[in-house]
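Here the structure is laid out as structure tokens; the discussion comes afterwards.
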Amino acid sequence: MTTFLERILAVKRQEVDALRTQRDAGWRRRLEQLPPCRDFAGALAAGDSLNVIAEVKQASPSKGQIAEAFDPVGTAQRYAAAGAAAISVLTDQTFFRGTLEDLKAVRASVSVPVLRKDFIIDEVQIEEARLAGADAVLLICAALTPQRLRELAAYARDLGLTALVEVHDEEEAEAAMAAAPAVIGINNRNLHTFEVSLATSERVLAQLPPDTLAVAESGIQGHDDAARMAAAGARAILVGESLMRVAHTPLLEQRLSALRVPLGAAVRGGAP
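Residues -14 to 257 in the numbering used here are what the sequence shown spells out, letter by letter.
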């Protein structure tokens, strides 16, 4: 049986083939003329509280439409004003109803770093992300061989981007660390079944070096979940659906504040 991830990657391979036909000498010239990226890793490591990457996401395969009146720019601006350290923008169109134009518009409207969240399998997508204004890109271990992960992480660094390397278990974490990521993400959602368990982050974080800049992703609903991730060793969390559902209400600032729990002695290694 074909898994959900395999279906996504089949679409991504078609998108990559199409992108390659657009790539020309002008891409390289534009890449060389771009200003430096914003410091994504630095933003996540700053301060003495758990930092939040707030996600701009219109829909998901598991939840369907999340935001009926989708306003990526307005949402991102409210996130930043409420204290988000960085913004994640879903750019996959087929499964998440996102676009690269959403990322471009968000990047132009906020001063915090912006992550392109997509299923990246080729260098041309990393170039596309950099040209669109991304400061960081997501690389998913489950979607790449260890060699391709190392190659793409190195290519992102060469272009000035931070690679957020995402894992789902201890075995993937070992492969991720071999790619020398500035930031490692632990996704509590199983990409094959879409089941979520915060215990995933707890298990993986326990085996990482104490100074790893780690982000816990998925399934984090409020203060208690955030505190649990901080106690396990996360330095930041990525939160999408629960913030999107209050993005246009007075509850947003309260919700973000509740997620930014003090690190204190609970976090392995203390605050950077």
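Don't be surprised by glycine CBs; every beta carbon is placed ideally from N, CA and C.
Leaving out five residues on either side along the sequence, give the residues of the same chain with a beta carbon under 8 Å from the beta carbon of residue 224. Scanning its chain for C-beta atoms nearer than 8 Å, with the 5 sequence neighbours on each side dropped, one finds around residue 224 the residues 37, 38, 39, 40, 205, 244, in chain order.
Contact check, residue 176 vs residue 153, beta carbons under 8 Å: Cβ atoms of residue 176 and residue 153: closer than 8 Å.
Cβ atoms of residue 116 and residue 71: under 8 Å apart, would you say? No.
Relative to the ligand ADP, is the shortest distance from any of its heavy atoms to the C-beta of residue 166 smaller than 7 Å? Annotation note on the ligand ADP: not contained in the displayed structure, which lists no ligands.
Length of the line joining the Cα atoms of residue 114 and residue 125: Rounded to the nearest whole angstrom, the CA to CA distance from residue 114 to residue 125 is 15 Å.
Alpha carbon to alpha carbon, how far is residue 201 from residue 252? Give it in angstroms, no decimals. Per-residue confidence for residue 252 stands at a pLDDT of 43, beneath the threshold of 50, marking its modelled position as unreliable; no derived number is given.
Excluding five sequence neighbours on each side, which residues of the same chain lie with their C-beta closer than 6 Å to the C-beta of residue 255? Below a pLDDT of 50, predicted positions are generally treated as unreliable, and residue 255, at 38, falls in that range; the measurement from the model is reported next regardless. Excluding sequence neighbours, residue 255 sits near nothing in its chain.
Between the alpha carbons of residue 215 and residue 87, how many angstroms are there, rounded? The alpha-carbon separation between residue 215 and residue 87 amounts to approximately 30 Å.
Cα-Cα, which of 227, 79, 247, 166 is closest to residue 213? Nearest option by C-alpha distance: 247.
Hey, out of 169, 66, 0, whose CA is closest to residue 192's CA? Looking at the Cα atoms, 169 is the closest of the given residues.
Flag this pair as yes or no: are the beta carbons of residue 148 and residue 166 separated by less than 8 Å? With contacts defined as CB atoms closer than 8 Å, residue 148 and residue 166 qualify as a contacting pair.
I'd like to check one pair, residue 59 with residue 241: are the Cβ atoms closer than 8 Å? Remark: C-beta atoms of residue 241 and residue 59 do not approach each other more closely than 8 Å.
Which value, in whole angstroms, describes the spacing of the CA atoms of residue 195 and residue 218? When rounded, the distance between both Cα atoms is 8 Å.
Identified DSSP bridge partners for residue 199: DSSP lists 169 as the beta-bridge partner residues of residue 199.
7 Å Cβ shell around residue 163 - same chain, five flanking residues per side excluded: Correct list, in chain order: 131, 135.
Under the rule that 16 or more other beta-carbon atoms within 10 Å means buried, what is residue 207, buried or exposed? Burial call: exposed.
Given residue 7, which residues of its chain have a CB within under 7 Å of its CB, disregarding the five upstream and five downstream residues? The beta carbon of residue 7 sits closer than 7 Å to no other beta carbon from its chain once the five residues preceding and following it are set aside.
Residues near residue 90 in its chain [Cβ-Cβ closer than 8 Å; skip 5 each side]: Once the five neighbours on either side are set aside, the close Cβ partners of residue 90 are 57, 58.
Of the choices 23, 52, 0, whose alpha-carbon is the least far from that of residue 234? Nearest of 23, 52, 0 to residue 234, Cα basis: 52.
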